[in-house]
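So the structure is just underneath, and the comments pick up after that.
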């Protein structure tokens with residue numbers, strides 16, 4: 001697979017936010033695959049939203065409303081995986 005973002009750029013971004021972390025050899029590929037998965041899920045959710053509204057075309061509004069849902073899902077999946085949380089009740093406090 002072709003590397004899309006230079007490893008040094010990714011390493012600098014990670015070091016800026018989490019200086020104690022070290023990157024593995026395939027981290028850049030995993031980030032790229034996660035991005036592709038996000039785009040795929042966003043497209044599917046926007047398509048579903050457009051179908052629910054009986055629209056034949058995916059419009060800007062469909063993508064924006066779907067993005068809110070998908071970003072929240074991705075955030076929660078990442079949070080759960082990072083902290084090894086099994087249920088929502090253990091991690092979210094209002």
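Numbering (the UniProt record's numbering), first residue to last: 1 to 94.
Cβ atoms here follow ideal geometry from the backbone N, Cα and C, with glycine treated the same way.
query                                                                                                        : result
Taking the alpha helix (DSSP H) that residue 53 falls in, what are its first and last residues?              : Premise fails: residue 53 is in no alpha helix (DSSP H) and is neither H nor E.
How far does the alpha helix (DSSP H) with residue 71 in it reach, from first residue to last?               : 60-83
So, does the stretch 45-54 touch the stretch 63-70, judging by three or more C-beta pairs under 8 angstroms? : yes
Is the beta carbon of residue 38 less than 8 angstroms from the beta carbon of residue 70?                   : yes
Find the nearest neighbour of residue 74 within the set 40, 8, 58, judged by alpha-carbon distance.          : 40
Does residue 41 come out as helix, strand or coil in the three-state DSSP assignment?                        : helix
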